Each structure stands twice: as C-alpha cells, then as structure tokens.
Amino acid sequence: MRRILLAFLATVLIGATAAAAQSPPQIPGMNSAPPGPQPKVQVLDPLYDFGTATEGKMVDHVFKIKNLGQGELEIRGMKTSCGCTAAAPSKNHLAPGEEADISVGFDTHFQKGHQVRTITAFTNDPTTPQAVMTMQGVVKQQVAATPAQVAFGTVHKGTAATQEVTIDDLTGQQGFKVSSVSNASPSIKVAIEPRKDGKPGAVLKVDLLPTMPAGSFDDSIKVTTNRAPLQIDVFGTVAGNLTLDPAQVSFGIVPKGQDVVRILRLTNSSPRDVKVLDISSSTPAVVASADPVKAGREYRITVTLRRGTPDGQLRGQLAIKTDDPEQSKVDVPFYAIVGQFKI
Numbered sequence: 001m002r003r004i005l006l007a008f009l010a011t012v013l014i015g016a017t018a019a020a021a022q023s024p025p026q027i028p029g030m031n032s033a034p035p036g037p038q039p040k041v042q043v044l045d046p047l048y049d050f051g052t053a054t055e056g057k058m059v060d061h062v063f064k065i066k067n068l069g070q071g072e073l074e075i076r077g078m079k080t081s082c083g084c085t086a087a088a089p090s091k092n093h094l095a096p097g098e099e100a101d102i103s104v105g106f107d108t109h110f111q112k113g114h115q116v117r118t119i120t121a122f123t124n125d126p127t128t129p130q131a132v133m134t135m136q137g138v139v140k141q142q143v144a145a146t147p148a149q150v151a152f153g154t155v156h157k158g159t160a161a162t163q164e165v166t167i168d169d170l171t172g173q174q175g176f177k178v179s180s181v182s183n184a185s186p187s188i189k190v191a192i193e194p195r196k197d198g199k200p201g202a203v204l205k206v207d208l209l210p211t212m213p214a215g216s217f218d219d220s221i222k223v224t225t226n227r228a229p230l231q232i233d234v235f236g237t238v239a240g241n242l243t244l245d246p247a248q249v250s251f252g253i254v255p256k257g258q259d260v261v262r263i264l265r266l267t268n269s270s271p272r273d274v275k276v277l278d279i280s281s282s283t284p285a286v287v288a289s290a291d292p293v294k295a296g297r298e299y300r301i302t303v304t305l306r307r308g309t310p311d312g313q314l315r316g317q318l319a320i321k322t323d324d325p326e327q328s329k330v331d332v333p334f335y336a337i338v339g340q341f342k343i
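Here the sequence shown is numbered in the working numbering, starting from 1 and rising by one per residue.
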C-alpha cells in the first residue's frame with residue numbers, strides 16, 4: 001500500500017512540476033523587464049524595533065525607500081500583515097536616486113506581548129518586485145482579565161450557568177475604573193460587581209441564560225475602562241434533546257479519486273418522537289442520508305465525500321432538518337484535505 005501511495009505521489013508531483021514549468025507563478029508587481037534603464041529598490045532601514053509600547057497607543061514610524069537604479073521606480077501597491085497596521089507612500093514614482101517615505105501606523109489596541117508586523121511595497125523592480133519592511137516590539141498590557149476567556153463547556157438546553165471574570169489594573173496607578181461592558185448575545189448577561197479583595201478593578205458576572213438555543217455559541221464582551229479597552233471571548237455548547245456523535249465530520253487526508261464514508265448517530269432524548277425530514281449540504285462534494293435505527297429515537301447518518309472532489313482543502317456544513325419544535329435544524333461541520341499527503 002505504501003509503495004502504491006508513493007507511486008501516486010510521484011505521479012502527482014511530476015505532473016505538478018510539469019505544469020509549473022509551463023505556467024510559472026506570477027508575483028504581484030513582477031513583469032518582464034522592458035528594454036532600457038531599470039529601477040532598483042532599496043529599503044534604507046528595513047527593520048524598526050519600537051521597544052516597549054503601552055497597549056492602546058499608536059506606534060508611528062517612517063520607512064524610507066530609495067531608487068538605486070537608472071530607470072523610474074514605481075510603487076504599485078502596499079500590503080500589511082494585519083488590519084491593525086496602515087501604510088502609505090509619500091509618492092508612487094521615484095526618479096533615479098530619489099527617496100520616498102512609507103508612513104506606518106500600528107494600532108496596539110487589544111494587542112499584548114511581542115508583536116511583529118510586516119509591510120510590503122510592490123514595485124516595478126524586475127529583480128526585487130517586493131520590498132519588505134518590518135516593525136516589532138513589545139506591547140505592555142494595561143488591563144488584564146482572569147480568566148482571559150469564558151468557556152462554559154457543554155450545558156444542557158434550558159439550564160442556566162454563571163462564571164466570573166476578574167479585571168485587573170496592571171499599571172499600578174491610582175483611580176482605575178471599569179466604566180461599562182457590552183456584548184451582542186441576548187442570552188448572555190454581563191454585570192459589573194465590586195471586587196471582594198479590596199483591590200482596584202472589578203468582577204464581571206457572566207450569566208448564560210436558559211434562552212440560549214441548542215448548538216455552539218460564541219460572544220464577545222467589550223470592557224471599557226479609563227486605561228485601555230479589553231475584549232473577552234465567551235463560548236460553549238448548548239446540548240439539546242437531539243445530540244450527534246460525533247458532533248462533526250473529519251474525512252482526514254483523502255487520495256484523489258476516492259470516496260470516503262463516515263457514520264454519525266443522531267439520538268433523541270426528548271419525550272416525543274422526532275423525524276428527520278431532510279439533510280442538505282453546503283457543497284455537492286458531500287452528501288448524507290438518514291436511516292432509522294429506532295424510529296423517532298435514533299438515526300444512523302451516513303456522510304459521503306464523493307469521488308472526483310477537486311484537490312485542496314474542503315470545509316462545509318450539513319443541515320439536518322427535523323420536526324422537533326425546538327431543534328428544527330442540527331448543523332454538522334465537515335472538513336477534508338483531498339490529494340495532499342504526509343508520509
């Protein structure tokens with residue numbers, strides 16, 4: 001079997017190599033060099049270490065790009081490694097010997113610890129079409145939450161649960177205050193209470209209400225203080241009367257041209273019988289069917305990854321529709337990697 005798999009991989013790799021030779025990958029900003037003088041890009045100081053910054057502050061820096069070539073250098077676009085960083089050039093066309101400023105701003109809100117951000121300038125330099133700049137440093141957190149996340153785990157539908165989060169001031173200054181909290185889910189209630197140990201800060205009482213519908217849930221608590229804002233993720237699962245085992249489908253790594261079958265069990269723990277009305281899929285590559293093991297109480301769900309699914313990662317979701325008044329739909333995530341192997 002291993003020899004067959006190795007032979008299959010060799011065939012795939014040879015084909016991929018041939019295809020790559022016929023169609024070389026295109027890099028943004030890379031063109032065949034036109035005749036005549038050529039530009040040459042250089043970042044004068046490509047690494048900026050800002051040392052330590054307090055969370056919530058904007059870190060600003062100006063990188064300098066120079067044209068060392070004989071032709072005009074064109075800055076065709078900018079890209080940053082995350083949305084909390086912005087970059088803009090002072091000019092887009094540089095004559096030979098000319099410089100341009102790249103102004104960069106790094107928003108440290110909700111950041112902590114060692115941070116690295118990259119900024120890429122796409123140019124018409126035929127040899128170096130991408131000029132990369134890096135800024136790094138340590139963001140010192142002003143406010144901390146313990147625990148940093150609220151995990152309710154699995155809670156049965158109709159059951160309430162409560163957890164507490166302690167908010168601490170890390171600056172050591174006087175007058176720390178938690179002024180407000182907010183979140184999106186109506187089934188999660190958050191209240192600010194004083195700390196019982198007499199220290200600055202507050203305790204957040206996080207209540208999961210019985211109204212939370214069955215299934216996985218997530219929310220985010222936004223905490224406003226007179227130091228810096230804080231964000232606390234909340235997540236968990238509400239188990240209804242209909243439960244799946246397993247709760248998701250992993251097809252694993254699948255050789256191209258093969259189909260794969262997985263079996264799930266849908267169990268009903270409510271007093272009334274439940275029928276499976278339909279199963280739909282987010283992609284035609286995965287299909288499913290339901291067969292009663294014990295009508296109204298237990299169903300065998302057969303999930304198939306169809307032969308001929310294109311190479312690459314596959315993610316999607318099944319929707320099992322039932323006549324249960326409280327769980328009319330049960331979602332089942334699935335994922336697979338087709339045509340990629342690790343030996």
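Even glycine gets a Cβ: it sits at the ideal position worked out from N, Cα and C. Keep in mind that this is a model prediction, so the values were computed, not measured.
Limits of the beta strand (DSSP E) - the one that residue i falls within
i: K66; result: M58 to N67
i: S180; result: V178 to S182
i: M133; result: Q130 to K140
i: E99; result: E99 to D107
i: V165; result: A161 to D169
i: L44; result: Careful: L44 lies outside any beta strand (DSSP E) and carries neither H nor E.
i: N268; result: V260 to N268
i: Q149; result: Q149 to H156
i: T278; result: For the record, residue 278 in the displayed sequence is Asp; it is not Thr. Run containing D278: V276 to S281, per the beta strand (DSSP E) assignment.
i: D245; result: L242 to D245
i: A239; result: L230 to A239
i: L204; result: A202 to L208
i: K189; result: I188 to E193
i: S328; result: First-last for S328: undefined, no H or E at that position.
i: T146; result: V143 to T146
i: S250; result: V249 to V254
Sheet register partners of residue i (DSSP bridge)
i: K79; result: T120
i: R315; result: Y335
i: R297; result: According to DSSP, R297 bridges with nothing at all.
i: P89; result: I102
i: D219; result: V234
i: P366; result: Residue 366 lies beyond the residue range present for the chain, which begins at 1 and ends at 343; the question has no answer from this structure.
i: A53; result: V139
i: T224; result: S180
i: A95; result: A95 pairs with nothing; no bridge assigned.
Candidates the options: closest to residue i by CA position
i: K57; options: G252, N67, Q38 and C84; result: C84
i: G175; options: G153, V190, G201 and V150; result: G201
i: A86; options: E72, S328, T120 and G69; result: T120
i: D60; options: F106, P89 and A148; result: F106
i: G51; options: K112, G77, A95 and V43; result: K112
i: P37; options: I279, L68 and S187; result: L68
i: L348; options: K275, V260 and K79; result: Absent from the structure is residue 348, since the part of the chain shown begins at 1 and ends at 343.
i: E164; options: I232, L47 and S179; result: I232
i: D273; options: E326, V286 and Q248; result: E326
i: N268; options: P46, K91, R300 and V181; result: R300
i: R307; options: G172, V338 and E298; result: V338
i: P129; options: P246, H114 and I75; result: I75
i: G257; options: P213, L305 and G240; result: L305
i: Q115; options: D197, L318, V181 and V138; result: V138
Supposed close pair residue i, residue j - CB separation, criterion 8 angstroms
i: S282; j: T302; result: With 8 angstroms as the limit, S282 and T302 do not qualify as a contact, their Cβ atoms being about 17 angstroms apart.
i: D219; j: A184; result: 6 angstroms
i: L277; j: T322; result: 6 angstroms
i: K140; j: T54; result: 5 angstroms
i: I320; j: I279; result: 5 angstroms
i: L209; j: I192; result: So it is not a contact: roughly 18 angstroms between Cβ atoms.
i: Q142; j: T166; result: That belief does not hold up - the Cβ atoms of Q142 and T166 are roughly 15 angstroms apart, past 8 angstroms.
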